[in-house]
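The working numbering numbers the first residue of the sequence shown as 305 and each following residue consecutively.
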Amino acid sequence: MSTFIPGTPVTGHEFPSLAKGNHVVVVGAGAFGGWTALYLQQRGCKVTLIDAWGPGHARGTSGDETRVIRTAYGSNEFYFNLAFRAIELWKEYEKLWNRKLFYTNGVLWFCYENQVPLIDDSQRLATAKGRPYEYLSTSELKKRVPVADVSGLTHAWLDRDGGYLKARESCQLVAEMLVREGGQYIQSHARPGDIRSGGMKSLHLSDGGLLYADAYVFACGAWLPKLFPEVLGHRITVTKQEVFYLSPPARDAARYEGIPAWIDADGTDYYYGIPGNMHRGFKVGLDRRGPVFDPETGDRLPSPEIFSGIRKFLARRFPSLEHAPMTESRVCAYENTSDGNFVFEPHPEAKNVILLGGGSGHGFKHGPALGDWVSQTLLH
Ligand SMILES: Cc1cc2nc3c(=O)[nH]c(=O)nc-3n(C[C@H](O)[C@H](O)[C@H](O)COP(=O)(O)OP(=O)(O)OC[C@H]3O[C@@H](n4cnc5c(N)ncnc54)[C@H](O)[C@@H]3O)c2cc1C
Numbered sequence: 305m306s307t308f309i310p311g312t313p314v315t316g317h318e319f320p321s322l323a324k325g326n327h328v329v330v331v332g333a334g335a336f337g338g339w340t341a342l343y344l345q346q347r348g349c350k351v352t353l354i355d356a357w358g359p360g361h362a363r364g365t366s367g368d369e370t371r372v373i374r375t376a377y378g379s380n381e382f383y384f385n386l387a388f389r390a391i392e393l394w395k396e397y398e399k400l401w402n403r404k405l406f407y408t409n410g411v412l413w414f415c416y417e418n419q420v421p422l423i424d425d426s427q428r429l430a431t432a433k434g435r436p437y438e439y440l441s442t443s444e445l446k447k448r449v450p451v452a453d454v455s456g457l458t459h460a461w462l463d464r465d466g467g468y469l470k471a472r473e474s475c476q477l478v479a480e481m482l483v484r485e486g487g488q489y490i491q492s493h494a495r496p497g498d499i500r501s502g503g504m505k506s507l508h509l510s511d512g513g514l515l516y517a518d519a520y521v522f523a524c525g526a527w528l529p530k531l532f533p534e535v536l537g538h539r540i541t542v543t544k545q546e547v548f549y550l551s552p553p554a555r556d557a558a559r560y561e562g563i564p565a566w567i568d569a570d571g572t573d574y575y576y577g578i579p580g581n582m583h584r585g586f587k588v589g590l591d592r593r594g595p596v597f598d599p600e601t602g603d604r605l606p607s608p609e610i611f612s613g614i615r616k617f618l619a620r621r622f623p624s625l626e627h628a629p630m631t632e633s634r635v636c637a638y639e640n641t642s643d644g645n646f647v648f649e650p651h652p653e654a655k656n657v658i659l660l661g662g663g664s665g666h667g668f669k670h671g672p673a674l675g676d677w678v679s680q681t682l683l684h
């Protein structure tokens, strides 16, 4: 079953009380760690960001070209509000840094039933914000997205505030901006130090050095359960997920690039796609959870059966892509919690060790809002 709608985030943890001037090490320069590091630095901490392979690298979960940003989270106000705030922040940072990161093409939800709680319940929240989703009948959908076949659908919803984000490029930029704001970035493989008397004193770096800080945030994505097996080994399951890039026929290429990102709300597979992807092609992915996967040793080979499912889906929904050549594929890892909630909590034996992760296939978009929230919580 999909965990597309997460539960309620766990609260009530006793976080360390950081102050301006404290040295904080953030391990992991993906969407979670990078934005957290930047916000901590902006709020007056002295931040060192560390990544073993570099911000937005190919095996990190934030390392693909693009990610969808949407606000529909059923009736879950926490993630709706986080996504809504993230949309504002992505726009602000894009302007501030003068770099295109956010493609505001909107997000289309293809619906098969008259009622789809995932979107209908969010519509109440979106309306309260004055930004309701737009209802599209199948004939209106056909007019707006002529490349789509609307058979089998009852209607579609258009989330005009959503769209897609540049993923790996924004991670690289966030790390660059951290350094520009006075933070430090180190490429190194970090290993947690011993935990004694309720805290961690230092971190081991791969060159044999030790790094001392007041607090350590581990935002290690799919590596987190391996780093802290006793705390997270049974709570985060890493699965193999795949996306494919296809080349639309030349006569249709421009028409495909302009359409919104889309999600097929069939309640089981949740195929989704992003049209342009910096001209890499029409990207299609499958949200259904794949087999357990090792982010470090697993070969990133696409599965023929997943691709064959994607071909069948495209033949139905985007018929002119049925025979389009696949130009690229990516294997990526979801770090799933059982209820889809993110993990944000202190280590049970060390208050100055903060565990941040469990993106569960929907974390990227939240990066700036999450970094803001995490840094505010730690600096309360
Ligand atoms: C196929 C796919 C599609 C997705 N689609 C969407 C989407 O459309 N929208 C959305 O919002 N989200 C989406 N997600 C989810 C989103 O990408 C993730 O939730 C998010 O990127 C997680 O970021 P992270 O920082 O936790 O992990 P990562 O990006 O993996 O970052 C963790 C970093 O920690 C580093 N690290 C690990 N261990 C160590 C160590 N010991 N020392 C130093 N560094 C270390 C790694 O090198 C890595 O760079 C998708 C995920 C996948 C796989």
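Heads up, the beta-carbon is just placed ideally off N, CA and C, and yes, glycines get one too. From a predicted model like this one, the values you see are computed outputs, not experimental measurements.
8 angstroms contact criterion, which residue i and residue j should meet: CB distance rounded
{"i": "L507", "j": "V647", "result": "Not a contact, Cβ separation roughly 19 angstroms."}
{"i": "R371", "j": "V411", "result": "Incorrect: roughly 12 angstroms between the Cβ atoms, too far for contact."}
{"i": "R472", "j": "D368", "result": "7 angstroms"}
{"i": "Y416", "j": "G456", "result": "6 angstroms"}
{"i": "A565", "j": "V329", "result": "Between V329 and A565 the Cβ distance is about 35 angstroms, and since that is not below 8 angstroms, they are no contact."}
{"i": "W413", "j": "Y439", "result": "Not a contact, Cβ separation roughly 10 angstroms."}
{"i": "A654", "j": "I499", "result": "4 angstroms"}
{"i": "P650", "j": "F319", "result": "6 angstroms"}
{"i": "G497", "j": "K505", "result": "6 angstroms"}
{"i": "A494", "j": "L509", "result": "6 angstroms"}
{"i": "E381", "j": "L342", "result": "Between L342 and E381 the Cβ distance is about 26 angstroms, and since that is not below 8 angstroms, they are no contact."}
{"i": "D355", "j": "G332", "result": "6 angstroms"}
Candidates the options, of which the one nearest residue i by Cα
{"i": "M582", "options": "R428, K470, G358, W339", "result": "K470"}
{"i": "K544", "options": "R472, H493, R592", "result": "R592"}
{"i": "L659", "options": "A523, Y377, G512", "result": "A523"}
{"i": "R620", "options": "A452, D355, G358", "result": "A452"}
{"i": "G503", "options": "D424, V521, Q488", "result": "V521"}
{"i": "A637", "options": "Y343, P421, S366, E381", "result": "S366"}
{"i": "A526", "options": "H317, S321, A323, G334", "result": "G334"}
{"i": "K395", "options": "S474, Q427, G337, T340", "result": "S474"}
{"i": "G562", "options": "I540, R448, L590", "result": "R448"}
{"i": "R686", "options": "Y397, K399, F384", "result": "Nothing can be reported for residue 686, as the shown portion of the chain is limited to 305 through 684."}
{"i": "E600", "options": "G571, K616, K530, F414", "result": "K530"}
{"i": "L405", "options": "V657, R500, L477", "result": "L477"}
{"i": "P595", "options": "E609, H493, K587", "result": "E609"}
{"i": "K602", "options": "Y489, R634, T572", "result": "Looking at the sequence provided, one finds Gly at residue 602 rather than Lys. Nearest of Y489, R634, T572 to G602, Cα basis: R634."}
{"i": "I614", "options": "V657, V588, R604, F668", "result": "V588"}
{"i": "G661", "options": "W339, S501, N326", "result": "W339"}
{"i": "V542", "options": "K399, L393, S501, F597", "result": "F597"}
{"i": "Q488", "options": "S612, V351, P652, F532", "result": "V351"}
{"i": "L528", "options": "N326, F336, H327, G325", "result": "F336"}
{"i": "N409", "options": "S443, H327, K399, R464", "result": "R464"}
{"i": "E534", "options": "D355, H361, P652, I354", "result": "P652"}
6 angstroms CB neighbourhood of residue i in its chain, flanking five on each side removed
{"i": "Y407", "result": "G467, Y468"}
{"i": "H666", "result": "none"}
{"i": "G585", "result": "Y549, L550, S551, T631"}
{"i": "D425", "result": "G378, S379"}
{"i": "M305", "result": "Residue confidence is low: M305 scores 31 on pLDDT, short of 50, so the model does not pin down where it sits. Its coordinate-derived value is still stated next. Same-chain partners within the cutoff: there are none."}
{"i": "V420", "result": "A569"}
{"i": "G580", "result": "E561"}
{"i": "R559", "result": "V451"}
{"i": "A323", "result": "none"}
{"i": "E546", "result": "P606, I610, V635"}
Residues bridged to residue i (per DSSP)
{"i": "D355", "result": "Q491"}
{"i": "E653", "result": "None, per the DSSP bridge assignment."}
{"i": "F406", "result": "L469"}
{"i": "D676", "result": "DSSP lists no partner for D676."}
{"i": "F622", "result": "Per DSSP, none; premise fails for F622."}
{"i": "M504", "result": "I499"}
{"i": "V330", "result": "L353, V521"}
{"i": "L515", "result": "L507"}
{"i": "T370", "result": "K470"}
{"i": "S612", "result": "For S612, which the question treats as bridged, DSSP gives no partner whatsoever."}
{"i": "G362", "result": "For the sequence presented, residue 362 should be read as Ala rather than Gly. DSSP lists no partner for A362."}
Cβ-heavy atom distance, residue i to ligand 2, below 7 angstroms
{"i": "I563", "result": "Looking at this structure, you won't find ligand 2 anywhere; what it does contain is ligand 1."}
Sequence-distant residues of its chain with Cβ nearer than 8 angstroms to residue i (five each side left out)
{"i": "W357", "result": "R363, G364, Q491"}
{"i": "S664", "result": "T307, P310, Y638, E639, N640, T641, G644, N645, F646"}
{"i": "N418", "result": "T458, H459"}
{"i": "K446", "result": "A452, V454"}
{"i": "F685", "result": "Beyond the ends of the chain as shown, which are 305 and 684, falls residue 685; an answer cannot be given."}
Nonlocal neighbours in the same chain, by C-beta distance under 7 angstroms from residue i, ignoring five residues either side
{"i": "H684", "result": "S321"}
{"i": "H317", "result": "E649, P650"}
{"i": "I578", "result": "T370, V372, Y468, A565, K587"}
{"i": "D511", "result": "S492"}
Below-8 angstroms beta-carbon distance, residue i vs any chain D residue
{"i": "T543", "result": "No chain D is part of this structure, which consists of one protein chain only."}
Looking at C-beta atoms only, is the number of pairs between the region 619-635 and the region 539-557 that lie closer than 8 angstroms three or more? yes
contact_flag[the region 626-643, the region 475-493] where n(CB pairs < 8 angstroms) is 3 or more: no
Sufficient close CB pairs (3 or more, under 8 angstroms) joining the region 333-350 to the region 673-682: yes
Does the region 668-678 come into contact with the region 382-389, if we say contact requires no fewer than three beta-carbon pairs (one atom in each stretch) closer than 8 angstroms? yes
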